[in-house]
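Right, one structure below, let's go through it.
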Amino acid sequence: MKKIIQNGTIVTAADMYKADILIENEKIISIGNGFDTSDAEIIDAAGKYIFPGGIDPHTHLEMPFGGTVSKDDFETGTVAAAFGGTTTLIDFCLTNKGEPLQNAIDTWHAKSKEKAVIDYSFHLMIGEINQEVLNQLPEVIEKEGITSFKVFMAYKNVFQADDETLFRTLVAAKELGALVMVHAENGDVIEYLTEKALAEGNTDPIYHALTRPPELEGEATGRAAKLTGLADSQLYVVHVSCSEAVKQIAEARSKGLNVWGETCPQYLVLDQTYLERPNFEGAKYVWSPPLREKWNQEVLWNALKSGELQTLGSDQCSFDFKGQKDLGKGDFTKIPNGGPIIEDRVSILFSEGVDKGRITLNQFVDIMSTRSAKLFGLYPQKGTIAAGSDADIVIFDPDVERVISAEKHHMAADYNPFEGMKVKGEPVSVLSRGEFVIKDKQFVGKLGKGKYVKRARYGKHLSREESEVLQPSKS
Ligand code: URP
Ligand code: ZN
Ligand code: ZN
Ligand code: ZN
């Protein structure tokens, strides 16, 4: 049955206007007024914003990590994402050295296929690069539509790749039309600092932050950017946490390099002092890169506003406090890294960003949806409200206030790092390809309804302006 959303204010990355939206067969058919309402389900969005569904470019659902497996899977993770206004996510598919890439991808399909309630895609981790791996990449792109490769510069002896691997990946990505993503921290020096801390008996969560100083994120970010310039390739730096890294990205962009940056809600509103909380509570706030000194938050917000950072990922990688985070009692290096964020990503950006006047409504849409669609080859199927696009839509009440709590959230993890935080604005209803997943704040979706989405090659959907990286404004 066709649907018509009436009386709402449509907001895209470029526009804001009042119009009705006609939806049929999963797509937005038309935007305008005076549609024939016979045989249509009418959705009244008076007083609400209508946003394109959020795109979360960075999740780790049911991922083996830190001696355990992240708690939220493609069921709880995508349900929580939908409640939070996200209708597409891109999860990181881990690979094992010496194993066919297709095996890893099949493992990820098996985890997600019958569970996801919203659409999803995969990035592929590159842990080694040799002729055998190179031979498989064209098929990964053609058959699977995976057009982004992730290289870890940290997690020594686990995921970390060396500079040769990164450089070869950048060269291959340029050739194939893929975007290289990096976790940018200097894993070798972190290894030295963590061994030293443990040898000195410094085992508390705060030492996680103290052994991964911002210099090491800045150094790795700058190194990756320079290698990108040398390879004439393209780079996306995930989870940027600090001023040192922002500076490196801004410098690379000012030279015209194709370097993009993502930050995460946790770095925008939490800080390093959280790791000092008593009774091992600090473990709840262990991410890599770590939470930083508070002043970095303003740098990150300014970078989102000026466009030096372009996207917001949740880096969803949740672990229970009891039974998972506590693996690291007495040794901070054994605390599983990550947290439950997927549900609150959009709300926090709206509340702290738009409501507090740090970014505009159009920037909000760009950061939470449109830019990721463009960078990762999903646009204009996803990431905007336009005739012909998938009807992935969030009906958002900007006035309602809510307090974030683990008791009320829909993620599986047993705590919420934003516990007690007041946010303004909340998704009321969320549609994925024209069907309600959330209706009047109730889950009405179906497991397995989310589809795997193949993505276009890098650059296909970037405008001239966006691909010729803009000079930062002088004002
Ligand atoms: O602490 C984090 N970020 N956990 C998830 C894995 C990663 O490095 O992105
Ligand atoms: Zn990472
Ligand atoms: Zn991550
Ligand atoms: Zn496309």
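Note that this note's numbering has the sequence shown beginning at 13, numbered continuously upward. Glycine residues also receive a C-beta, built at the ideal position from the N, C-alpha and C atoms.
heavy atom of ligand 2 below 8 Å from residue i C-beta
| i | result |
| --- | --- |
| residue 166 | yes |
Residue i Cβ short of 8 Å to ligand 3 heavy atom set
| i | result |
| --- | --- |
| residue 220 | no |
| residue 121 | no |
| residue 388 | no |
| residue 104 | yes |
| residue 473 | no |
| residue 421 | no |
9 Å Cβ cutoff met for residue i and residue j
| i | j | result |
| --- | --- | --- |
| residue 226 | residue 340 | no |
| residue 137 | residue 179 | no |
| residue 390 | residue 379 | no |
| residue 403 | residue 395 | no |
| residue 276 | residue 311 | no |
| residue 31 | residue 40 | no |
| residue 258 | residue 303 | no |
| residue 525 | residue 75 | Residue 525 lies beyond the range of the chain shown here (13 to 487); nothing can be said about it. |
| residue 131 | residue 444 | yes |
| residue 237 | residue 228 | no |
| residue 260 | residue 80 | no |
| residue 97 | residue 456 | no |
| residue 171 | residue 135 | no |
| residue 158 | residue 383 | no |
| residue 256 | residue 223 | no |
| residue 9 | residue 327 | The requested residue 9 does not occur in the structure, where the chain is confined to residues 13 to 487. |
| residue 366 | residue 437 | yes |
| residue 66 | residue 26 | no |
| residue 189 | residue 470 | yes |
| residue 28 | residue 324 | no |
| residue 409 | residue 332 | no |
| residue 464 | residue 160 | no |
| residue 64 | residue 101 | no |
| residue 213 | residue 298 | no |
| residue 91 | residue 162 | no |
| residue 210 | residue 345 | yes |
| residue 57 | residue 15 | no |
Counted within 10 angstroms of its Cβ, other Cβ atoms place residue i as buried (16 or more) or exposed
| i | result |
| --- | --- |
| residue 112 | exposed |
| residue 308 | buried |
| residue 221 | buried |
| residue 198 | buried |
| residue 459 | exposed |
| residue 356 | buried |
| residue 267 | exposed |
| residue 142 | exposed |
| residue 429 | buried |
| residue 49 | exposed |
| residue 20 | buried |
| residue 54 | exposed |
| residue 174 | exposed |
| residue 84 | buried |
| residue 169 | exposed |
| residue 73 | buried |
| residue 244 | exposed |
| residue 495 | Because the chain here runs from 13 to 487, residue 495 falls outside it and cannot be looked at. |
| residue 393 | buried |
| residue 475 | exposed |
| residue 348 | buried |
| residue 193 | buried |
| residue 442 | buried |
| residue 300 | buried |
| residue 483 | Because the pLDDT at residue 483 is just 46, under 50, the model does not fix this residue reliably, and the value given afterwards should be weighed accordingly. Exposed: under 16 other Cβ atoms inside 10 Å. |
### Task
Quick one: residues with CB closer than 6 Å to any heavy atom of ligand 1, in chain order, please.
72, 195, 251, 299, 300, 327, 329, 349, 350
### Task
Please specify which runs of the beta strand (DSSP E), each continuous and at least 3 residues long, are wholly inside the stretch 119-181, giving them in chain order.
131-137, 160-164
### Query
Which ranges would you report for the beta strand (DSSP E) in the stretch 417-448 if only whole runs of at least 3 residues count?
434-444
### Task
Would you list, in sequence order, the uninterrupted beta strand (DSSP E) runs of no fewer than 3 residues that lie entirely inside the stretch 185-272?
191-195, 246-249
### Message
In chain order, what are the residue ranges of uninterrupted alpha helix (DSSP H) at least 4 long that sit wholly in the stretch 273-336?
### Response
277-281, 308-318
### Message
Ignoring anything shorter than 3 residues, give me the beta strand (DSSP E) runs that lie fully in the stretch 47-119, in order along the chain.
### Response
52-56, 61-64, 66-71, 98-105
### 3-residue-minimum beta strand (DSSP E) runs that sit fully inside the stretch 326-388, ordered along the chain
none
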